[in-house]
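Following: one structure in structure tokens, then a few remarks.
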Amino acid sequence: MLNNAQTHQAASTMAAAGLLWLEQQSVRERWNLSQEDMATLLGGMSKRTVSNWLDKARSHHQVDVPGDTLERLSLLLGIDKSLALTAPAGHRYEFFSRPNQAPLFEGESIKEYLLKRQTMLALYRVRRYLDARRG
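For what it's worth, full-length UniProt numbering labels the leading residue of the sequence shown as 1, then goes sequentially.
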């Protein structure tokens, strides 16, 4: 069993890895996210906060984020994994930004849906929708 210091260190390591992953996803060829978009997906943080977290993660310093931010990163990773498994080869990133006619999205892309709603519930709904498509 982990003690409090070990649990805190593990959470910091996961946060740093998740933030660096999201930064990689943000490039135009993938999810095309601005830093403001990233801040929104992470729970409405300020761009400055996200920038500070990324600076710490890049320099291998401890990154302390709220628990719901870790949960959001986990959900975003799951969404990406589901897209990788369900999208036609080579179209994984396109499916994040392309309009979706499923009733959940009402013509919005996954990206638009998440950024417009800004809630944990929206992340869970997208994750469940994509997981259901996988079967």
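Backbone N, C-alpha and C define an ideal beta-carbon position, used for all residues, glycine too.
query: Best match in Val27, Tyr124, Asn100 and Asn4 for proximity to Leu75 [C-alpha to C-alpha]; result: Tyr124
query: CA-to-CA distance, Arg30 to Glu94, given in whole angstroms; result: 7 Å
query: Host alpha helix (DSSP H) of Leu104 (start-end); result: Premise fails: Leu104 is in no alpha helix (DSSP H) and is neither H nor E.
query: Whether Leu42 touches Arg72 by CB criterion (8 Å); result: yes
query: Delimiting residues of the alpha helix (DSSP H) encompassing Ala84; result: Gly67 to Thr86
query: Closest Cα partner of Gly67 within the set Arg128, Ala15 and Asp131; result: Ala15
query: Euclidean distance between Cα positions of Gln62 and Asn4; result: 15 Å
query: Nearest to Ile79 (by Cα), restricted to the options Tyr113, Asn52, Leu54 and Asp64; result: Tyr113
query: Close Cβ partners of Lys47 (< 7 Å) along its chain, the five nearest in sequence each way excluded; result: Gln35, Glu36 and Ala39
query: Pair within 8 Å by beta-carbon distance, Leu83 and Leu130; result: yes
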